[in-house]
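Comments concern the structure below.
Residue numbers (our numbering): 125 to 401.
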């Protein structure tokens with residue numbers, strides 16, 4: 125059995141969805157290893173829910189991989205790093221392809237899909253199905269964030285540059301408050317918010333404001349802690365938390381406590397939030 129299969133075997137998979145989540149997560153770690161070897165983290169940092177899952181033990185699975193350049197570079201080319209990812213998979217007997225995602229409108233986000241035939245990953249119940257991982261790189265990132273090098277030992281030891289937890293929290297709160305999902309509620313944002321508060325992670329308010337101003341979520345210079353808390357309370361009052369729980373449930377192994385979710389529950393969670401101004 126090769127390292128790739130050994131990593132998948134370490135997961136307790138009871139269902140087909142569990143196996144797919146395990147395969148995605150192993151693919152994410154192999155991709156990170158390839159990016160590290162290619163020098164990608166000299167120019168960029170990892171953030172988002174998958175970063176939180178892999179490096180900080182968030183107890184839910186996450187699908188996409190989000191990266192931010194350390195400095196704005198609209199001409200950044202992600203494609204030279206693809207070969208290192210493919211070589212990392214090939215060293216474990218796995219074959220993947222990476223395809224650029226065509227943009228429907230102009231954006232500073234570069235996207236690509238890392239794809240693998242699940243038959244190669246021994247998911248016999250879904251033979252012929254593709255496992256897709258989306259990688260995104262923000263080439264015009266909000267700055268004023270801090271990073272740190274985090275170590276992974278598998279598939280082989282390597283470092284990944286990541287946002288610090290307070291800056292990760294800031295990005296999550298910006299998404300929770302301002303990201304538009306049309307008629308869909310993003311329960312994963314609310315689960316992550318609860319996780320940060322439970323872990324007593326401080327919110328980096330400076331980076332939160334930088335994100336809000338750059339994305340024009342709020343008028344420049346208009347944010348303070350009181351305005352932030354008012355926006356959070358209003359957001360909580362507007363959310364259907366039954367739908368939010370339904371959104372996050374497929375990504376969790378033990379979703380029992382989701383039955384507690386309600387407006388009052390999250391209003392009390394919000395009062396426990398620690399802001400680092």
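All C-beta atoms, glycine included, are put in the ideal place defined by N, C-alpha and C.
query = Are residue 261 and residue 293 closer than 8 Å when you measure CB to CB?
reply = no
inquiry  = Three Cβ pairs or more, each shorter than 8 Å: is that satisfied between the stretch 331-348 and the stretch 382-389?
reply    = no
key: Cα-Cα separation between residue 146 and residue 128, rounded to whole angstroms   = Rounded to the nearest angstrom, the two C-alpha atoms are 11 Å apart.
inquiry  = Could you check whether residue 368 and residue 311 sit closer than 8 Å to each other, using their CB atoms as the reference points?
reply    = yes
Where the alpha helix (DSSP H) containing residue 145 begins and where it ends = 140-161
ask   = Thinking C-beta only, is residue 168 closer than 8 Å to residue 186?
value = no
ask   = Alpha carbon to alpha carbon, how far is residue 183 from residue 155?
value = 21 Å
query = What are the partner residues of residue 275, as DSSP defines its beta bridges?
reply = 283
Three-state secondary structure (DSSP) of residue 269 = coil
message = Using 8 Å as the threshold, is the C-beta distance between residue 297 and residue 327 below it?
response = yes
ask   = Who are the Cβ neighbours of residue 400 in its own chain at under 7 Å, not counting the five residues just before and after it?
value = So the list reads 290, 326, 327, 328 and 329, once near-sequence residues are dropped.
request  = Consult DSSP for residue 310 and reduce its assignment to one of helix, strand or coil.
outcome  = coil
key: Straight-line gap, residue 250 to residue 220 (C-alpha atoms, nearest Å)   = With a pLDDT of 30 at residue 250, under the threshold of 50, the modelled position of that residue is not reliable, and the figure given next carries that caveat. Those two C-alpha atoms are separated by around 17 Å.
request  = For residue 279, count neighbouring Cβ atoms within 10 angstroms of its own Cβ and tell me buried if that reaches 16, exposed if not.
outcome  = buried
message = What residue range does the alpha helix (DSSP H) around residue 367 cover?
response = 365-372
request  = Just the C-alpha distance for residue 334 and residue 302, rounded to the nearest angstrom, thanks.
outcome  = Going by the C-alpha atoms only, they are around 13 Å apart.
Residues near residue 374 by beta carbon distance below 7 Å, same chain, minus five either side = 141
request  = Use the C-beta contact count for residue 179: other C-beta atoms within 10 angstroms, 16 or more gives buried, fewer gives exposed.
outcome  = buried
key: When 339, 273 and 371 are compared against residue 308, the one with the closest alpha-carbon   = 371
task = Report the residue from 283, 268 and 269 whose alpha carbon sits nearest the alpha carbon of residue 275.
result = Nearest option by C-alpha distance: 283.
ask   = By DSSP, does residue 221 sit in helix, in strand, or in coil?
value = Strand, per DSSP.
task = Please list the segments of the beta strand (DSSP E) lying wholly inside the stretch 326-398, counting only runs of 3 or more residues, in order along the chain.
result = 326-328
message = I need the DSSP call for residue 323, collapsed to helix, strand or coil.
response = coil
request  = Pull up the distance between the alpha-carbon of residue 148 and that of residue 258, whole angstroms please.
outcome  = 10 Å
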